[in-house]
Each structure stands twice: as C-alpha cells, then as structure tokens.
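S.K.: Heads up: the sequence shown at position 46 corresponds to 47 in this note's numbering, and the numbers run straight through without jumps.
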Amino acid sequence: MTNAPTKAFRIAAVAALMIGVASYLIGLFNAYMQLNEKGYYLTVMLLGLFAVVSLQKTIRDKMAGIEVTRAYFIACGVATVAAIALLMVGLYNAELALSEKGFFGMAFVLSMFAAITVQKNVRDCAEVKSESVTTQSTTSQAATFVPEAE
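1) Is Gly-66 buried or exposed, if buried means 16 or more other CB atoms sit within 10 Å of its CB?
2) Whole angstroms is fine: what's the gap from Lys-63's alpha carbon to Ala-9's?
3) According to DSSP, simplified to helix, strand and coil, what is Thr-81?
4) Using three-state DSSP, classify Glu-38 as helix, strand or coil.
5) Looking at the unbroken alpha helix (DSSP H) that takes in Ile-67, where does it start and where does it end?
6) Counting only the same chain and skipping the five closest in sequence on each side, list residues whose C-beta sits under 7 Å from that of Leu-87.
7) Looking at the structure shown, is Ala-14 part of a helix, part of a strand, or coil, going by DSSP?
8) Compute the distance between the beta-carbons of Val-53 and Met-107, then report whether it is under 9 Å.
9) Classify Thr-70: buried if its beta carbon has 16 or more other beta carbons within 10 angstroms, exposed otherwise.
10) Considering only C-alpha positions, which residue in the set Glu-101, Ala-95, Ser-131, Ala-80 is nearest to Ile-27?
11) Can you give the Cα-Cα distance for Leu-29 and Ala-76, rounded to whole angstroms?
12) Count the other CB atoms within 10 Å of the CB of Gly-103; is the residue buried (16 or more) or exposed (fewer)?
13) Express the C-alpha separation of Ala-17 and Thr-81 in angstroms, rounding to a whole number.
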C-alpha cells in the first residue's frame with residue numbers, strides 16, 4: 002500500500018518547482034549575456050528537467066516491476082549527468098560575478114530536485130488512486146454478490 006503525499010507537501014513541491022524555474026528564467030533574462038549564451042542556459046535547464054524526471058520515472062518503473070530497457074535507463078543517467086556538467090562548464094567559463102554563478106547553480110539544483118519531487122508525487126497519487134479504485138470495485142463486487150436460491 003502506497004501512502005499518498007499530503008496536500009501541503011504536493012503544494013510545497015510545485016511551489017519549489019515554480020520558484021526555481023522562475024528564478025532561473027528571471028535571472029537569465031536580467032543577465033548581461035549574449036542571446037546565444039542565454040539560449041545555452043535555457044537549453045541546459047530544459048534538458049536537466051526532462052532528464053531528471055525521466056530518470057526518476059525509469060527508476061520507479063523498475064521498482065514497480067515494469068520492464069525498462071537498459072539502454073533507456075543509461076540514456077537517462079547520461080542526460081542527467083550531461084545537463085549538470087554542461088551547466089558547471091558554462092558557469093565556470095561565464096563572465097559573471099561569482100554570486101551570479103551561485104544563483105544560477107542554486108536555482109538549477111532547486112528546479113531539478115523539485116521536478117523529481119513533483120513527478121514522484123504525481124506517481125504516488127496515481128498509485129493510491131488506482132489502489133482505491135481496485136479496492137472499491139472488489140468491495141462493490143463482493144457486496145452485490147447474491148447467492149442463487151435453490
């Protein structure tokens with residue numbers, strides 16, 4: 002039996018995701034960079050969000066006994082590591098103040114963590130919902146059983 006995450010936790014996870022992504026994008030918009038640099042950082046963020054959600058989903062699928070190909074699992078891991086590495090290399094070489102680099106790094110990490118948490122919450126809620134539907138249908142079938150008169 003899976004426990005459903007509380008409503009407060011689900012709201013906090015979505016809020017963290019929105020704050021992280023919004024902070025990153027606002028910082029990117031206000032940064033003194035060329036447009037191609039801004040595009041690079043935006044692409045890294047999108048890659049990172051997709052990679053961590055996909056990696057978390059494949060891990061949960063494996064835990065649930067759903068078959069996941071080894072190639073896809075490795076691709077998710079490589080994409081996650083690549084997104085983090087690309088951000089680190091980009092920030093290392095960027096002509097930004099150290100505080101700006103830290104800001105982008107922290108907003109990125111917050112967004113990645115929150116994306117994983119939101120995806121986990123969605124999955125947990127779906128499992129609880131499907132378990133309750135299964136339980137309700139089993140209970141209603143048992144309640145409607147009427148033995149035939151002889």
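Glycine residues also receive a C-beta, built at the ideal position from the N, C-alpha and C atoms.
M.R.: Short version:
1) exposed
2) Between Lys-63 and Ala-9, the C-alpha separation is close to 28 Å.
3) It is helical.
4) helix
5) Per DSSP, Ile-67 lies in no alpha helix (DSSP H) segment and is marked neither H nor E.
6) Val-45
7) helix
8) If you check the CB distance, Val-53 and Met-107 do not come in under 9 Å.
9) exposed
10) When each option's Cα is compared against that of Ile-27, the closest is Glu-101.
11) 28 Å
12) The residue in question, Gly-103, is exposed, as its Cβ has fewer than 16 Cβ neighbours within 10 Å.
13) 19 Å
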